[in-house]
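One structure below.
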Amino acid sequence: MHALAVNSVATLLNYLEEQLQYLKDSSSPSADESTQDEAAVEMNPLFITELLVEPRSLFFSPDLEDFQEGVHEVISHFQEAVLSVHNLVPDIYFQAFTSPIINGKVEDRNVGEGPSLTMMFEDDKHLQHLNEKLKEAVTSAFDSATRFGNTLEPYRQFYQENESLDLEEMKTQEHDVPFFSSSLEKYTTERMLVEKVPDKKPIGMLYLDCTKLKQVLMPSPLKCLDVIHEILPQLAKKRVDRLMEFCQDSQFKLEIVPTATEEFVDSLTFLDEIQEQIEDLESDCTTAKELYNLIENYTVPTPPEDLAVYQTLNNAVSMVRSAIDKALADRDQNLDKFCTRLDKDIALLGKEVKSVKQQAQNPIILDPSSESEKVVGFLGELQEKMDELQKRAFMYKSYQKNFKVEVTKFEELEETHAELKLKQTLWDSSVEWEVNHEDWMNAIFENIDPESLTNQVMKYHKVVLQLEKGLPPNAVVPQLRGKVDKMRHKLPVISDLRNPALKQRHWDTIQQVLEHTFSDEEPLTLGLLENIDAFDHSESIQEISGQASSEASLETLLKKVEDGWKTTEFVVLPHRDSKDVFILGGIDDIQVQLDDSQVNISTIAGSRHVGPIKPRVEEWVRQLSLFSETLERPWIFVLKTSSSASKVVETKTNDIIAMVSPEKEKVPLGKVVLTVSQTMWCRDLTKCLTSDGDRQEELKGAEQTSFQNLNKLAALVRGELPKITRSILCALITIDVHARDIVTGLVEAQIDSVESFEWVKQLRYYWDQDLDNCVVQMSNSQYTYGYEYLGASARLVITPLTMMGRFFSGLAQSGAWCCFDEFNRIDIEVLSVIAQQLLTIRNAKLARVSLRYCLLGKSCAAFITMNPGYAGRTELPDNLKALFRPMAMMVPDYALIAEVILYSEGFESSKNLARKMVQMYRLCSEQLSQQDHYDFGMRAVKSVLVMAGALKRGNPNLSEDVVLIRALRDSNLPKFLADDAVLFRAILSDLFPGREIPDHDYGKLQLTIEDCLLEQKLQVVPAMVKKTIQLYETMLVRHGVMLVGPTGGGKTTCYETLKMTLTSLHAQGIDDPDYLPVHTYVLNPK
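Note that UniProt numbering has the sequence shown beginning at 1, numbered continuously upward.
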């Protein structure tokens, strides 16, 4: 039985292997199947499986796993069939043989249970080998089937791609010819490929069923083709219809015979347009042809009537070309005819313009007694005529442009229109003014917006200025100007009275000034203010309003102080181990707030408008003073300086025997090495400069002595020295190096007198025999030496920063006042140190104690001047701002200053010229563009006046007006942009009407500039020559000059040419102090 089962499995394996011997590999779904058919005669496939497709995969049903399970199940059935036969040994019929009865006694069994088939099957290696061979045979069959399936992978890919398309969206999109061409080719090819896939495919023991595969694949390209077949004919028809319509319309327009000028112009315009469009037309025709070629090649269903229309397209385009040729031939003949007709129309227009111009001269227009309503209506009618004439003129000019003839300018029309516009503006403004003025005078005063009112009045003021400039002299404009000016002069009073800071006490004062009491029964209006002559008290009202504003500012500042202390919290800490005793924690922030509050309260108290809040301010002064004293312990004070750390000094006795520096140097009184050294140096140099001998030689000797002394000090330093001694010597060397440089400078400058400024400007120490004391001198100032001790601190070099600390120490102990001009020119690093030094002095004054290193003069004070926000200036640190109180400054009277300077320069009509000059700078600052290098301040005024004086002395017979104009022009034009230069000349001509400025003859200077340009192999361009002269003239009156302009603008060429010119003029021996050799040094700003 076991052999029967094994033989059955072997037979099945032999049959499958025999099938595999006839297996032929198919490389494509459409491969020739003749050889397989021949094999099929002998061997038919045993099994059927379907090849199916999904968007992401190809698969078999049933697949390899299913077949493996089936084969295993068949073998299992073989074994079950054998195992179903019972074993004969245990059968009861065999007991007579296995357990016989002998002599009436059953004998013991002498045989076993017989063989176990189950164990035989499990232990049979041969059977297991056959089972493995069966699996391999089935796997080999599916491997061949899979290779065939792989050849259909491109089909799955286009199926997946097609299924992902949005065909409805495709219908709505615009497509071009390449899209249709590629789509038709693609989907047609896909359809043909699917058709070639066989329905059934025998591959060895497997029979592949591809029917369902084709049923799934075939609709995919067909759906896409249906969409293409739908939209392609529609698009082709639409394009052809549009082209046919365009051709018919164009042919119609080209064949129209113009009878009027406008028709002829339209035909010319269309002729130009169609000549530009004809190439696009032919390109569109080519596109349509390509579309219909695709329809024909791929047999796309198309209505026959569409094909018929397409056949006429080429003929329609040819007819358009013929019409264009004919229109071009007729154009010149018609052009002459219509040009003549247009000239007649323009002449007629000119007559109508003259008629309107004559009507515009009607005397009622500029008669102040005329009725405004009548004049406005009359001007409106003229304006309507003028608008119509302008439309016609514009149309005629467009005709002339189309005819390609000279375009008429219609100057008289433009002049008449401008004049009429001004006259209409005059009367419209007059009428509007009366209406607005009535509203203003009757409006409730508290509802008036001063800013809006000012804007409206200034708008009318600008209108008046335009009318005065554009209209001939008349009586209407002055009448309007008088009304506007009267209202304009009221604006400051109105703004002052609408000041929101005004309170009842201020209104009481105003009522006293006006001698009028306002009441609710009589509303406050501009009309009322005019009736009570309020505008005659402008200065008093302005003072009261200004006082109100100042009081409001002071109240705001006071409220800021009050609010700040309301929210201030004091941090307290337990005192040592005590539970009920507390001390203040950190007080640094509180001290800062206290300092700020004291500065603010001091500012408020010092104001002359503090009256209304004076009691509150005095109370705050008292409280802050008390609080300040509370924070200080009566026997200890702390001061911080910029040169040392905090130092606590205990003042238990007045017996001072020595000074101890932060570096632990103990100095007995009288040890003044540095001061004595500088005093001796000053004494020696003074002897040199007052000697009866050769003072230059003695100075040189002093210079050599300085070198020798420095060498000796250097030798000392190189030795073994205590730390303190070394510090003293280093400080002494620093001072001696500075002294040596001063002596060297005196020698180089050949100074030979103690009165020379080069010597007087130095900081000098003397022992005054009369005072029996040391004095310090600089320039014409002298101070008694304060004997301040700064310690043996190290010094790198004497600079403005280190000297500033010494300056403040002298200032503090002498009790002097000082004013630092242009304070914010100092570098920010220096300012931060100065702030600390000033804070030290201020804290010492508040605490009423002396400084750690010197006595404090209670009267010492520091003042500064600065120009905030100006170019090249430093923004002050906040801690430095808090130490100063701002003071109001007046704007200088430019006119008076200019008048005095012009007088000093020899001008006789200086008052009038100064007024015009100041007016010119004001107009320039208002009307010219805002540029960083424009300056219309006092420096600019001064440079112009200096130039004017030089010109006056050089040309004494020239008119003073012309001299000033030339100075203004030559000093300002070089820095203006091109557009601003035009405005500047216009301003000059307005301020000095009728004055012609002759061009200056620069003679040899200009000729030399031209020669130098040629020497540099450059062209002589007038603009470059002019700019070089301007640079020269600017450098004569300004200390510093900057050339600005774009890259390649000629800046380098300009200054290089001027350098060569001045050097050449000096070499030629020209007698002029300004013609000197020039050396330039180019620095890299990076």
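Glycine is no exception: its CB is placed at the ideal position from the N, C-alpha and C atoms. Since we're looking at a predicted model, the values are computed, not measured.
Helix, strand or coil at residue i according to DSSP, with G and I counted as helix
i: residue 31; result: Low local confidence applies: a pLDDT of 48 at residue 31 is under 50, so the model's placement there is unreliable, and no value is given.
i: residue 150; result: helix
i: residue 1042; result: coil
i: residue 53; result: strand
i: residue 760; result: helix
i: residue 1143; result: In the structure as shown, the chain begins at 1 and stops at 1086. Residue 1143 is therefore absent and cannot be evaluated.
i: residue 523; result: coil
i: residue 860; result: coil
i: residue 261; result: helix
i: residue 448; result: coil
i: residue 634; result: Since pLDDT at residue 634 reaches only 37, below the 50 mark, its modelled position is unreliable, and the value read off the structure follows with that caveat. Three-state result, residue 634: coil.
i: residue 889; result: coil
i: residue 62; result: coil
i: residue 582; result: strand
i: residue 572; result: strand
Of the listed residues the options, nearest to residue i (C-alpha basis)
i: residue 284; options: 772, 322 and 244; result: 244
i: residue 298; options: 605, 124 and 191; result: 191
i: residue 735; options: 748, 771 and 673; result: 673
i: residue 713; options: 722, 720, 730 and 702; result: 730
i: residue 617; options: 62, 182, 686 and 562; result: 562
i: residue 1023; options: 984, 1063, 689 and 973; result: 973
i: residue 334; options: 902, 914, 262 and 352; result: 262
i: residue 289; options: 251, 176, 355 and 259; result: 176
i: residue 119; options: 892, 959 and 79; result: 79
i: residue 583; options: 572, 593 and 589; result: 572
i: residue 621; options: 601, 700, 609 and 891; result: 601
i: residue 400; options: 386, 343, 454 and 438; result: 343
i: residue 944; options: 929, 926, 913 and 928; result: 913
i: residue 351; options: 412, 757, 304 and 546; result: 412
i: residue 513; options: 489, 539, 488 and 502; result: 539
i: residue 160; options: 566, 746, 54 and 824; result: 54
i: residue 1088; options: 467, 551, 465 and 485; result: Residue 1088 lies beyond the stretch modelled for the chain, which goes from 1 to 1086, so this question has no answer here.
i: residue 490; options: 534, 522 and 323; result: 534
i: residue 189; options: 763, 935, 171 and 155; result: 155
i: residue 860; options: 367, 877, 716 and 819; result: 819
Same chain, Cβ closer than 6 Å to residue i, neighbours up to 5 away in sequence not counted
i: residue 524; result: 445 and 518
i: residue 13; result: 130, 133 and 134
i: residue 232; result: 180 and 300
i: residue 886; result: none
i: residue 187; result: 221, 224 and 225
i: residue 459; result: none
Buried versus exposed call for residue i [16 or more other C-beta atoms within 10 Å across all chains shown]
i: residue 604; result: buried
i: residue 205; result: buried
i: residue 423; result: buried
i: residue 817; result: exposed
i: residue 49; result: buried
i: residue 355; result: exposed
i: residue 417; result: buried
i: residue 958; result: exposed
i: residue 18; result: exposed
i: residue 1067; result: exposed
Spatial neighbours of residue i in its chain, beta-carbon cut-off 8 Å, leaving aside the 5 residues before and after
i: residue 124; result: 2 and 6
i: residue 448; result: 440, 494, 498 and 526
i: residue 557; result: 600, 603 and 604
Own chain partners of residue i with C-beta closer than 7 Å, once the 5 adjacent residues on each side are dropped
i: residue 419; result: 360
i: residue 907; result: 913, 952 and 960
Near the ligand NAD: residue i beta-carbon under 6 Å from a heavy atom
i: residue 748; result: Within the structure as shown, the ligand NAD is missing, as the structure has no ligands at all.
What ranges does the alpha helix (DSSP H) occupy inside the region 295 to 351, keeping only unbroken runs of at least 4 residues that lie completely in it?
304 to 311
List, from N- to C-terminal side, the alpha helix (DSSP H) runs of 4 residues or more that fit wholly inside the region 151 to 194.
153 to 163 and 167 to 172
Taking only runs that begin and end inside the region 994 to 1039, name each unbroken alpha helix (DSSP H) of 4 or more residues, in chain order.
1003 to 1015 and 1022 to 1037
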